[in-house]
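K.L.:
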Amino acid sequence: MKVEAKVLLGLGVFFGIMCAVYWNWSLENAGGVMMFAAMLLCFLPGGYYYWWSRRMKARPEDDPQATQASGAGVVGAFPGTSIWPFTLGMGAFFVVLAMVFGLWFLVPGLGLVIWAMLGGTAEGRRGGKV
Amino acid sequence: MTDVLDPPVHVEFHDDGHDEHHGPSGILKWITTTDHKVIGLSYTVTAVIMLVIGGVFAEIIRAQLATPNGTLVSLAQYNELFTMHGSVMIYLFAGPFAFGALANIIVPIQIGAPDMAFPRLNALSYWLYLTGAITMLSGFFVAGGAANFGWVAYAPLSNSVNTPGAGADLWIGGLLLTGFSAIFTGVNLCATIFYLRAPGMTMFRMPIFTWNMLVTSILILLAFPVLTAGLVMLYCDRHFGTHIFSVAGGGVPVLWQHLFWFWGHPEVYILALPFFGMVTEIIAVFSRKPVFGYKGMVFATLSIAALSLGVWAHHMYTTGVVLLPFFAFMSLMIAVPTGIKIFNWIATMWRGEVWFSTAMLMAIGFLVTFLVGGLTGIYLASPPLDFFTHDTYFVVAHFHSVVMALVLAGMAGLYYWGPKITGYLLNERIGKFQFWFLFLGSQVFTFPLYILGLEGMPRRLGVYPHDPQWKMLNDISTLGAILIGVSTILFVVNIIYSWKKYPAGDNPWDGHTLEWFTTSPPPHHNFYRLPQIRSERPTWDYNHPGHQAVGHGKQIEPAQPVEEVPVS
Chain V
12 MKVEAKVLLG
22 LGVFFGIMCA
32 VYWNWSLENA
42 GGVMMFAAML
52 LCFLPGGYYY
62 WWSRRMKARP
72 EDDPQATQAS
82 GAGVVGAFPG
92 TSIWPFTLGM
102 GAFFVVLAMV
112 FGLWFLVPGL
122 GLVIWAMLGG
132 TAEGRRGGKV
Chain U
22 MTDVLDPPVH
32 VEFHDDGHDE
42 HHGPSGILKW
52 ITTTDHKVIG
62 LSYTVTAVIM
72 LVIGGVFAEI
82 IRAQLATPNG
92 TLVSLAQYNE
102 LFTMHGSVMI
112 YLFAGPFAFG
122 ALANIIVPIQ
132 IGAPDMAFPR
142 LNALSYWLYL
152 TGAITMLSGF
162 FVAGGAANFG
172 WVAYAPLSNS
182 VNTPGAGADL
192 WIGGLLLTGF
202 SAIFTGVNLC
212 ATIFYLRAPG
222 MTMFRMPIFT
232 WNMLVTSILI
242 LLAFPVLTAG
252 LVMLYCDRHF
262 GTHIFSVAGG
272 GVPVLWQHLF
282 WFWGHPEVYI
292 LALPFFGMVT
302 EIIAVFSRKP
312 VFGYKGMVFA
322 TLSIAALSLG
332 VWAHHMYTTG
342 VVLLPFFAFM
352 SLMIAVPTGI
362 KIFNWIATMW
372 RGEVWFSTAM
382 LMAIGFLVTF
392 LVGGLTGIYL
402 ASPPLDFFTH
412 DTYFVVAHFH
422 SVVMALVLAG
432 MAGLYYWGPK
442 ITGYLLNERI
452 GKFQFWFLFL
462 GSQVFTFPLY
472 ILGLEGMPRR
482 LGVYPHDPQW
492 KMLNDISTLG
502 AILIGVSTIL
512 FVVNIIYSWK
522 KYPAGDNPWD
532 GHTLEWFTTS
542 PPPHHNFYRL
552 PQIRSERPTW
562 DYNHPGHQAV
572 GHGKQIEPAQ
582 PVEEVPVS
């Protein structure tokens, strides 16, 4: 967890320095704002990982001497098959077509999106735990 | 190695028959799957089809330019063709092929994970990509034709007055869909790499390909939202009467260029870094050596990513409103980590037992071609030189050297990992023919374009009646394009010829990383068992127990005697 934090925080610090130099030198706002946002986007997960890395034991994947047995148990929940990603994708497709060919495409588009959101939520974590 | 497989333990299927073993088959399986390997294969097939479509556009463009007064297509159609050629190749082939296809299949296996962290999000990414591709290409079937403002869609050319019609809107919509697809894949890869590594697979034991995919994913998350925001603004300008990019209403046209290139230049590395990773793996395996300078490679990748966010305006030097010294300095700085990579690739081969398989030849072809593209990039990073070559064929030649290098690397990846994905090898003899056609074709195609650029031929030119002296160089370039086309046909021929003919076995290349430890193709959830992970080459350590485990160029400890641990 520490390396993950360092990678993200390191990138964030670099973007911060770059942002300060660029913004002060060029006085151009678009690039300054975008680099500032990039810095924040690195600090957010980087800070989260840093916070946790100081409060938890090294995970088996962070331990160079870990054996495979130390990672035994349930890794996570992995769904088997699911129709909802396809449904949601088709819904998004129709929503985009509505941008081009007319708002009536929103009827099937949003319909599929809402249906997929409800279906996917109800499906929950059904599937194999591995 | 895996002839006798231990039964999996710790697998608790609470599913009521919805797991892949008992799931649907045929088209329903394709539609409902959440298995990263099946999704990755769908991505691979779709992306290769896009490569062929984009390639056909390229061949038509080259045929048009073979004579000064080309009449194969009208100039309006020519505008559509070069726009859609660039769009298809960049948005629909190179990126999705790297992070949707190969990374999707390989990264979870390389780190010992059973699947991607968010399998359903992964499936959604594919459907958004496919529908995005269909949306963008359907522009050819609407009145007014497909988008025709170049793949960069500069304002104000891309507004509703200068480019009316549905084709441009379909381009925007398609790009929105594929953009979200990329963002979701980026989230998925980051989460997978951060949370699903096998025990002992520390960050600095991850294969370089996985490292590069992590950095690529971070770049995707930083860059793509900016493009999405820009596209929404462009759409609003076109349809809702806003004037974000129009001077008339108080807007700033050059803001589009800032937004586009703030995505566009990191995108260059989003395209390139995965292929750098593939080549690193391939060169090490076929040189029978560990990667030279593992940590140097990782830090070079991180440096390229960090610098790539500060170089966007080197595409905008000639606008006259960007800070030239800053962008020139940052752009030239990128040559340093890139040089480290090239040095390390050569040093990995140095004194290795180099096996010139098709994959290795493609990787070496990548190295040479990329070097040409990289060096000419240094010219373009320098503002005084860029002013004279901007928007000429010199720029076209530069980035085609780079992307042809990526095509070579992608082919290397297909020859290298194809047997793992399908269980069957491709024919090496046809593969080597394909390599020579592709490699020589790339050089014959690009070199004349450099000279044409220096002679002043502007890009996006459909006819050149007043400069007939450009014909010969254009003809040579067209010949190169034909050679590249032949290489693509040879690839298809190879797939058909080799179909289920040469069983690969689990580890045909004596590979280093975990994907070569499992079966070909891997089972559902990827592994029946895993070796102890004590270096960045766990499979090699397992298969060569007499050797010392080598970590980052130094010996760390004797490789563990064979320990097979069944995994969940």
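Chains as they are written, first to last, in this note's numbering: chain V, 12 to 141; chain U, 22 to 589.
Note that the Cβ used here is the ideal one computed from N, Cα and C, for glycine as well.
#1: Helix, strand or coil for U:G434, going by three-state DSSP, please let me know.
#2: Which residue's Cα is closest to the Cα of U:M383: U:Y485, U:G444, U:S508, U:M351?
#3: Consult DSSP for U:A219 and reduce its assignment to one of helix, strand or coil.
#4: Let me know the alpha helix (DSSP H) ranges lying completely inside the stretch 488 to 552 of chain U, each 4 residues or longer, listed in chain order.
#5: For a quick check, are the C-beta atoms of U:T397 and U:H419 less than 7 Å apart?
#6: By alpha-carbon positions, which one of U:A187, U:S181, U:M318, U:A219 ends up nearest to U:M254?
#7: Mapping the DSSP letters down to three states, classify V:Y33 as helix, strand or coil.
#8: U:N90 and U:V343: beta carbons closer than 7 Å?
#9: Report yes if the CB atom of U:F118 is closer than 7 Å to the CB atom of U:G373, and no otherwise.
#10: Counting only C-beta atoms, is U:G47 closer than 7 Å to chain V at any point?
#11: Helix, strand or coil: how does DSSP classify U:Y485 here?
#12: Can you list, in chain order, the residues of its chain whose CB lies under 7 Å from that of U:F415, leaving out five sequence neighbours each side?
#13: Residues in the same chain with beta-carbon distance under 8 Å from U:S329, minus the five sequence neighbours each way, listed in chain order, please.
#14: In chain order, which alpha helix (DSSP H) runs of at least 4 residues are fully inside the stretch 326 to 411 of chain U?
#15: With distance defined between alpha-carbon atoms, name the residue in U:Y112, U:M137, U:L113 nearest to U:A124.
#16: Give the residues of chain V in contact with U:V247, contact being defined as C-beta atoms less than 8 Å apart.
#17: Is the beta carbon of U:S324 less than 7 Å from the beta carbon of U:P358?
#18: Give the DSSP-derived three-state secondary structure of U:T413 in the structure shown.
#19: Buried or exposed for U:P28, going by 16 or more other Cβ atoms inside 10 Å?
#20: Could you check whether the Cβ of V:Y221 sits closer than 7 Å to any Cβ belonging to chain U?
#21: Using alpha carbons as the reference points, say which of U:M318, U:S403, U:I127, U:G395 lies closest to U:I604.
#22: By the criterion of Cβ-Cβ separation under 8 Å, what are the contact partners of U:G194 in chain V?
#23: Whole angstroms are fine: how far does the CA of V:F116 sit from the CA of U:W148?
#24: Is the CB of U:D412 under 7 Å away from at least one CB in chain V?
#25: Is there contact between the stretch 227 to 244 of chain U and the stretch 290 to 302 of chain U, where contact requires at least three CB pairs shorter than 8 Å?
#26: What residue range is occupied by the uninterrupted alpha helix (DSSP H) comprising U:K50?
#27: From this set, U:I399, U:F408, U:T369, which residue's C-alpha is nearest U:M337's C-alpha?
#28: By the criterion of Cβ-Cβ separation under 8 Å, what are the contact partners of U:R141 in chain V?
#29: Does the Cβ of V:L114 have 16 or more other Cβ atoms within 10 Å, making it buried, or fewer, making it exposed?
#30: Can you tell me where the alpha helix (DSSP H) with U:W284 in it begins and where it stops?
#31: In chain V, which residues lie with their C-beta within 8 Å of the C-beta of U:T152?
#32: Kindly list the residues whose CB is nearer than 6 Å to the CB of U:G186, restricted to its own chain and excluding five residues on each side of it in sequence; keep chain order.
#33: Would you grab the beta carbon distance between U:V306 and U:G532 for me? Rounded to a whole angstrom, and I think it's under 8 Å.
#34: Can you pull the chain U neighbours of V:F54, defined as C-beta to C-beta under 7 Å?
#35: Per the DSSP calculation, U:L446 is bridged to which residue(s)?
#36: According to DSSP, simplified to helix, strand and coil, what is V:F112?
P.N.:
With the structure as the only source:
#1: U:G434: helix per DSSP, three-state reduction.
#2: The option with the nearest alpha carbon to U:M383 is U:S508.
#3: The three-state reading of DSSP puts U:A219 in coil, since its state is none of H, G, I, E or B.
#4: Whole alpha helix (DSSP H) segments, 4+ residues: 492 to 518.
#5: Yes, Cβ-Cβ distance for U:T397 and U:H419 is below 7 Å.
#6: Nearest option by C-alpha distance: U:S181.
#7: Of the three classes helix, strand and coil, the one that applies to V:Y33 here is helix, per DSSP.
#8: When the beta-carbon positions are compared, U:N90 and U:V343 stay at least 7 Å from each other.
#9: The Cβ atoms of U:F118 and U:G373 lie no closer than 7 Å to each other.
#10: Chain V contact via Cβ: absent.
#11: DSSP places U:Y485 in coil when its eight states are reduced to three.
#12: Within the same chain, Y471, G474, L475 come within 7 Å of U:F415 by CB-CB distance, once the 5 residues on both sides are set aside.
#13: If we look at U:S329 and ignore the five residues flanking it on each side, its Cβ neighbours are L240, H286, P287, V289, Y290, I355.
#14: Those alpha helix (DSSP H) runs which fall completely within the stretch 326 to 411 of chain U and span 4+ residues are 345 to 354, 356 to 370, 379 to 402, 404 to 410.
#15: When only C-alpha atoms are compared, the closest one is U:M137.
#16: Under the 8 Å cutoff, chain V gives M45.
#17: Between U:S324 and U:P358, the CB-CB gap stays under 7 Å.
#18: Taken through DSSP and simplified to helix, strand or coil, U:T413 comes out as strand.
#19: With a pLDDT of 34 at U:P28, under the threshold of 50, the modelled position of this residue cannot be trusted; read the value that follows with caution. By the 10 Å Cβ count, U:P28 comes out exposed.
#20: Residue 221 of chain V is absent from the structure shown; chain V starts at 12 and stops at 141.
#21: Nothing can be reported for residue 604 of chain U, as the shown portion of chain U is limited to 22 through 589.
#22: Residues of chain V whose Cβ lies closer than 8 Å to the Cβ of U:G194 are, in chain order, V107, L108, M110, V111.
#23: For U:W148 and V:F116, the distance between alpha carbons rounds to 18 Å.
#24: The C-beta of U:D412 comes no closer than 7 Å to any C-beta of chain V.
#25: Yes: the two stretches touch, three or more of their Cβ pairs being nearer than 8 Å.
#26: From DSSP, the alpha helix (DSSP H) with U:K50 extends over 47 to 53.
#27: For U:M337, the closest C-alpha among the options U:I399, U:F408, U:T369 is that of U:F408.
#28: Neighbourhood of U:R141 in chain V, by CB distance below 8 Å: P90, S93, W95, P96, G131, in chain order.
#29: Counting the other CB atoms within 10 Å of its CB gives V:L114 a total below 16, which places it among the exposed residues.
#30: Per DSSP, U:W284 is one residue of the alpha helix (DSSP H) stretching across 274 to 308.
#31: Result: G100, M101, A103, F104, V107.
#32: Closer than 6 Å at Cβ, skipping near neighbours: G165.
#33: About 5 Å separates the two Cβ atoms, so the contact holds.
#34: Simply none; closest approach about 12 Å.
#35: According to DSSP, U:L446 bridges with U:Y523.
#36: Note: V:F112 maps to helix in three-state DSSP.
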